[in-house]
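Undergrad: There's a structure below that I have some questions on.
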Amino acid sequence: MASSIAVSRLHLRGRTCLLNCLQKVDTFLHRGVGTDAAVAQAQTTERDGSEAKDGRRSLLAVQDERREQAEKSVLISCQSRPSEKKFLKYLSRHGDVNKYFFYESYGVYAVVEFASRDGVASLIEAATIPSVSHESMVPFKSRLLSLRSVDSLNHQSGLPCQPQTSVSISELVHRLSSEDSVEQQITSLTEAFQLTEENSRLRFLVCSLLNDIAAAYFPECTIRPFGSSVNGFGKLGCDLDMFLDLDSISGWNVKQPKAGLLLEYQMKRANSERAVTQSILSVIGECVDQFGPGCVGVQRILNARCPLVRFSHQPSGFQCDLTANNRVAMISTELLYLYGELDPRVRHLVFTIRCWARAHGITSSIPGAWISNFSLTVMVLFFLQKRNPPIIPTLNHLRDLAGPADNSVIEGHDCTFVRDFSKIHLQRNSETLETLLCEFFVFYATFPFSRMSINIRKGKEQNKPEVAPLHIQNPFETSLNVSKNVNATQLSRFVALCQESSWLIQQSERNSPKSAAGESSPTPWGLAALLLPSQVEGMKSRKKRRREPVSETIKSLLESLKNKNQGKKR
Ligand code: GTP
Ligand code: MG
């Protein structure tokens, strides 16, 4: 039975390969166990205080737990669908199984978490390295394994597989059209798109697998996910941003070395921090390219503002970006996570606006003059700070609430803000999601982009410090504009779409036609209609037919909406 599991086999692409490195890769699996466990244990204890009474935990605490799970997990490619029962029985011989699930991506895969790392070690020990007909193969023991089809594991046709991609816009529109209110449509959209428990586990597992490779060069390093994979705003299918963290190495950055032994340590041929980052990513990128099981299309993009290694991890289907020395992005991730946890309306509105923007081509996965998802998220946060009373506090307020453990200065930038949820008291604001969605469109349809900058640190628009169509102050590197890439055309498209959408949602609200008589599928209405470019376009042409200048119509509509809302507040 043991022979049914095989370790991943690598095709050697270069004869002068890094065989020395491979030996290191092979040994780290054993060496890393004790040390990593100790570090994880220490970190968990240190951050125990970060859990609020209501169960909300800081992102770091959540990440520590996820990382521990990932370190006890393996990823198994199942060439034919195994019988679930027999598969589990087989794995249980190597140790107790905490959790497992199957998913499909170029074949069926299983993620299996053992109760301890001994289970993983036992399974890898039992796996065979397939015999090869020629010498140009590198035996590489990683935690990506493949299960050969054997009779004893049988075939199961109805194997339950967890979805790892989100529904299409058309399917979503169909689903939303059957909901009873815009409120329900918004929550249903979030449910359809947000990362599942399984997808989160898979993301941490991919980081952990990559960590194994990087640890061959830098023992004790940690690869952490950041961005939408962990900030609470990730959509199924979003990229996996990873950060190679060398600060977790014990004894690193000690200001006053103690007497006694020092590690012989020198940076070769590195004249700047950027050069060090580039060298580190260059060797890791080379190793991932040559020996990373399942990693394909590896590009080393080292001259970018933020150097990175980009590749596809085929078994998970994730597009991965690995960076180093990107601490501000890690802190931004923590901040976004904190805002998302403060009030459920934050995540609902961010998901909805991100989805709406994507459906209309306002954002794109291809880099360009588009508004990025990160910028769009900051715009939603700013809008929520501007409500009366505000739904979320300003970043300056969060900084004022910070305790000594929250202090953080990165490259001279003040990145301090409170992590303890119990210290944050929100003002009472009971606006519905529907109101907030309408108001978001009205807010940005009339925002003075030509003069003002969006600033979540102060929660107030500020005079633009530089000429740029869209200016959104970087929350931590405050002299930077996070939307510097956005051109005037893209901004105009965004503003026009906000105008059209504010109009359309008001119309939908009035008519609410769920389903025309005799029609099998419900007529798109409310949020569903907003996601259909044809509806928004159709609205434009209807207005044109009325021979009324669009801007005039919208202007008066916006005025009336504003008056209506002011009336409500009073
Ligand atoms: P998607 O990948 O589009 O789902 O969203 P994302 O939030 O992951 O965005 P992206 O992959 O572009 O960036 C990853 C993370 O890097 C973001 O979540 C931010 O924390 C950070 N980031 C991206 N762009 C900027 C920027 O211009 N300034 C700063 N300070 N951080 C950024
Ligand atoms: Mg991302």
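Residue 1 is where the sequence shown starts when you use the UniProt record's numbering, and the numbers rise one by one after that. Think of the CB as a built atom: it goes at the ideal place given N, C-alpha and C, for glycine as much as any other residue. Bear in mind that the values here come from a model prediction, so they are computed numbers and not experimental data.
How is the beta strand (DSSP E) around S279 delimited, first residue to last?
TA: Premise fails: S279 lies in the alpha helix (DSSP H), 273 to 291, not in any beta strand (DSSP E).
Undergrad: In angstroms with no decimal places, state the Cα-to-Cα distance between P160 and K85.
TA: 12 Å
Undergrad: Which stretch, first to last residue, makes up the beta strand (DSSP E) that contains T222?
TA: Residue range 222 to 226 is occupied by the beta strand (DSSP E) that includes T222.
Undergrad: When the distance is taken between beta carbons, is V298 closer than 8 Å to F311?
TA: yes
Undergrad: Look at the alpha carbon of S332 and the alpha carbon of V309, and state the distance between them as a whole number of angstroms.
TA: Straight across, the Cα-Cα distance linking S332 with V309 is about 20 Å.
Undergrad: Please name the residue or residues paired with H413 in a DSSP beta bridge.
TA: I410
Undergrad: Tell me whether the beta-carbon of D241 lies closer than 8 Å to the beta-carbon of S142.
TA: no
Undergrad: Would you be able to state if there are at least three C-beta pairs under 8 Å between the segment 344 to 364 and the segment 280 to 298?
TA: Contact fails: fewer than three Cβ-Cβ distances are below 8 Å.
Undergrad: Kindly list the residues whose CB is nearer than 6 Å to the CB of A76, restricted to its own chain and excluding five residues on each side of it in sequence; keep chain order.
TA: It is worth fixing the name first, because residue 76 is Ile in this sequence and not Ala. Closer than 6 Å at the Cβ level, and outside the excluded window around I76, lie A110, L145, L147.
Undergrad: State the DSSP-derived secondary structure class of C320, mapped to helix, strand or coil.
TA: strand
Undergrad: Once you ignore the five residues that flank S208 on each side, which residues in its own chain have a CB closer than 8 Å to its CB?
TA: R67, A70, E71, S73, R143, I223
Undergrad: So what's V486 in DSSP terms, helix, strand or just coil?
TA: coil
Undergrad: Quick check on this structure: which residue in S80, T187, N407, E104 has the alpha carbon closest to the alpha carbon of L437?
TA: T187
Undergrad: Any idea if T352 is buried or exposed, counting beta-carbon neighbours within 10 angstroms, 16 or more meaning buried?
TA: Of the other Cβ atoms in all chains shown, 16 or more fall within 10 Å of the Cβ of T352; this residue is therefore buried.
Undergrad: Could you name the residues, in chain order, whose CB is less than 5 Å away from a heavy atom belonging to ligand 2?
TA: Residues with a Cβ closer than 5 Å to any heavy atom of ligand 2, in chain order: G227, S228, D239, D241.
Undergrad: Once DSSP output is grouped into helix, strand and coil, what is the label at E191?
TA: helix
Undergrad: If we count the other Cβ atoms within 10 Å of its Cβ and call it buried at 16 or more, is P404 buried or exposed?
TA: exposed
Undergrad: Determine the DSSP secondary structure at E104, reduced to helix, strand or coil.
TA: strand
Undergrad: Can you tell me whether DSSP reads R57 as helix, strand or coil?
TA: R57 falls in the coil class under three-state DSSP.
Undergrad: Over what stretch of residues does the alpha helix (DSSP H) that includes R117 continue unbroken?
TA: Here the alpha helix (DSSP H) through R117 covers 117 to 126.
Undergrad: Can you list, in chain order, the residues of its chain with a C-beta nearer than 7 Å to that of E548? Leave out the 5 residues immediately preceding and following it.
TA: Caution is warranted here: a pLDDT of 44 is assigned to E548, below 50, making its placement in the model unreliable, and no coordinate value can be reported.
Undergrad: Got a sec, what are the start and stop residues for the beta strand (DSSP E) L145 sits in?
TA: 144 to 147
Undergrad: Give every residue of the same chain whose Cβ lies closer than 7 Å to the Cβ of E189, excluding the five residues on either side of it in the sequence, and list them in chain order.
TA: The question names Glu, yet the displayed sequence has Leu at residue 189. L172, L176, F351, T352, C355, L527, listed in sequence order.
Undergrad: Helix, strand or coil for F87? Go by DSSP, reduced to three states.
TA: F87 falls in the helix class under three-state DSSP.
Undergrad: Evaluate A215 with the Cβ neighbour count: other Cβ atoms within 10 Å of its Cβ, from every protein chain shown; 16 or more gives buried, anything less gives exposed.
TA: Buried, since its Cβ has 16 or more Cβ neighbours within 10 Å.
Undergrad: In three-state DSSP terms, what is residue 591?
TA: Residue 591 lies beyond the residue range present for the chain, which begins at 1 and ends at 570; the question has no answer from this structure.
Undergrad: Less than 8 Å between the CB atoms is what I'm expecting for S80 and G95, so what's the real figure, rounded?
TA: Not really, about 24 Å apart at Cβ, beyond 8 Å.
Undergrad: What does C161 pair with, by DSSP beta-bridge criteria?
TA: F102
Undergrad: Assign A127 to one of two classes, buried (16 or more other C-beta atoms within 10 Å of its C-beta) or exposed (fewer than that).
TA: buried
Undergrad: Check the DSSP bridge columns for E113 and list the partner residues they point to.
TA: S73, K99
Undergrad: Helix, strand or coil: which one does DSSP assign to P344?
TA: Three-state result, P344: helix.
Undergrad: Answer with buried or exposed for P225, where buried requires no fewer than 16 other C-beta atoms within 10 angstroms of its C-beta.
TA: buried
Undergrad: With C-beta atoms as the reference, is I371 less than 8 Å away from Q473?
TA: no
Undergrad: Measuring alpha carbon to alpha carbon, tell me which residue in E198, N199, L395 is nearest E477.
TA: L395
Undergrad: Is H174 helix, strand or coil when you go by DSSP?
TA: helix
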